[in-house]
Amino acid sequence: MLVAKVLYQPPIIVKATVFNRKADFTITLLEPSPAYIWLEGKKEDYQLFIDSPAIYVSFDQTAFVTGSPSSELWAEQLTMLTTNQESEGDLRTELAHAFFDNDSLAIRNLEQLDDSIKTAHTNQIVKQILDHPSSASSWFLFASNHFSYNRTLDLFGKLSAFSSYPSFKRIQAKLAKNQVDTKVTDFTLPTVTGQSFTLSTLKATYILIDFSSRFFAACHKRHNALKQIYRTYHPRGLEIVTVSLEFNSTASRNDMQQENLPWIHVLDLMGPTSISNQFGVEQMPDTILLSADQTVLGRDMSVSEIEATLSRLLKK
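Going by my numbering, the sequence shown opens with residue 77, and the numbers climb by one from there.
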């Protein structure tokens with residue numbers, strides 16, 4: 077059995093019968109994709125990358141593939157991903173135990189460690205992509221992982237060799253949303269107190285939309301830094317709107333109130349229709365700085381960049 081893991085689609089499964097120690101698989105793909113072959117009696121599946129019209133895989137003591145330029149590199153990249161996922165999974169288990177024990181110190185330390193590990197793993201993935209920008213497996217690595225908006229934009233610009241892929245066009249359309257100098261789409265979401273908030277009703281000189289999640293230490297750290305910016309610039313016309321991506325409305329609203337943010341705090345339910353998804357948010361925290369008429373002035377800005385931009389704008 078051959079299983080192809082296609083971007084943005086369910087896996088494609090093709091079965092074949094082994095006859096005279098040989099099996100032929102025929103599969104139609106819109107773009108190159110990773111796959112694995114399952115053989116009865118084998119302890120492990122064999123991983124490969126389907127990136128050419130004809131690929132040959134032979135099995136003896138070990139498997140050997142010919143005709144696929146990306147399969148050897150994909151094996152290396154997949155090992156990296158698997159190792160990273162295992163280490164992150166172990167840490168999440170420790171974090172769950174800390175939450176169960178209500179150990180606030182352990183939770184804080186583990187969340188910080190989790191953020192550091194995720195950053196290191198993201199940097200590993202980026203290095204693999206940049207080291208092999210012409211490999212189809214690097215495109216899959218890019219398209220199947222999440223990066224900050226600016227990093228996604230930067231990597232995407234280096235992978236134009238794959239512009240004919242359907243996934244390239246999909247990501248291109250998503251990146252086109254809410255770029256600098258475009259106007260954002262209006263939205264309405266419930267606040268932590270249960271009231272309705274609509275972006276276009278907000279009267280402010282500048283608006284900072286802060287896309288956040290309570291489950292990421294980096295978001296809590298960002299909020300602490302934004303409080304100083306809010307104290308400085310709110311009297312001069314800045315408003316902040318934190319869009320918190322949540323699993324459900326009732327329980328999440330209660331937990332959100334505990335954050336006690338001094339600005340507008342709204343709830344965005346996870347799913348394909350979420351505001352975060354519509355704004356092309358791939359990684360949190362993420363920010364969009366708007367003018368009074370909802371034109372994008374900056375995207376995915378660090379706290380220092382936000383402060384410098386507001387300082388410059390409000391001096392005019």
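Cβ coordinates follow ideal geometry from the N, Cα and C atoms, glycine included.
- For the set Lys-91, Ser-367, Phe-101, Leu-149, the Cα lying nearest the Cα of Ile-131 is the one of Phe-101.
- Under the three-state reduction of DSSP output, Tyr-84 falls in the coil class, being neither helix nor strand.
- For Ser-272, the pairing in a beta bridge is given by DSSP as Pro-266.
- DSSP places Glu-162 within a helical segment (H, G or I) once states are collapsed to three.
- Partner residues in the beta bridge of Arg-375, as assigned by DSSP, are Ile-364.
- DSSP places Asp-344 inside the beta strand (DSSP E), whose first and last residues are 340 to 345.
- Contact between the region 236 to 249 and the region 262 to 282 is absent: fewer than 3 CB-CB pairs across the two stretches fall below 8 Å.
- When DSSP states are grouped into helix, strand and coil, Val-256 belongs to the coil group.
- Close CB contacts of Asp-262 within its chain, under the 7 Å cut and outside five residues either way in sequence, are with Thr-274, Leu-275, Ser-276 (chain order).
- Nearest to Ala-174 by alpha-carbon distance, out of Glu-164, Asn-185, Leu-115, is Asn-185.
- Just so you know, the alpha carbons of Lys-81 and Lys-253 end up roughly 27 Å apart.
- If the five residues before and after Leu-189 are omitted, its C-beta is found closer than 8 Å to the C-beta atoms of Leu-167, all from its own chain and listed in chain order.
- Following the DSSP letters along the chain, one finds Ala-249 inside the alpha helix (DSSP H) bounded by residues 242 to 251.
- Counting only residues of its own chain and dropping the five nearest sequence neighbours on each side, His-299 has a CB closer than 8 Å to the CB of Asp-286, Ser-288, Thr-318, Glu-335, Leu-337.
- Apart from sequence neighbours up to five positions away, the residues of its chain that approach Leu-235 with a beta-carbon distance below 8 Å are Ile-205, Pro-209, Ser-214, Trp-215, Phe-218, Phe-244, ordered along the chain.
- Separation of the CB atoms of Leu-373 and Thr-385 is rounded to 7 Å, and the pair is thereby assigned contact status at 8 Å.
- The three-state secondary structure of Leu-149, taken from DSSP, is helix.
- Rounded to whole angstroms, Glu-383 and Asn-221 show a C-alpha spacing of 30 Å.
- Straight across, the Cα-Cα distance linking Met-332 with Asp-376 is about 23 Å.
- Ranked by how close their Cα comes to the Cα of Tyr-112, the residues Arg-97, Leu-154, Lys-203, Asn-96 have Leu-154 in first place.
- The beta-carbon distance between Ile-364 and Val-260, rounded to whole angstroms, is 7 Å. This is short enough to meet the 8 Å contact definition.
- Counted as a single uninterrupted DSSP element, the alpha helix (DSSP H) harbouring Glu-187 occupies residues 180 to 207.
- Assigned with DSSP and collapsed to three states, Ala-111 falls in strand.
- When secondary structure is reduced to three states using DSSP, Glu-170 falls in the helix class.
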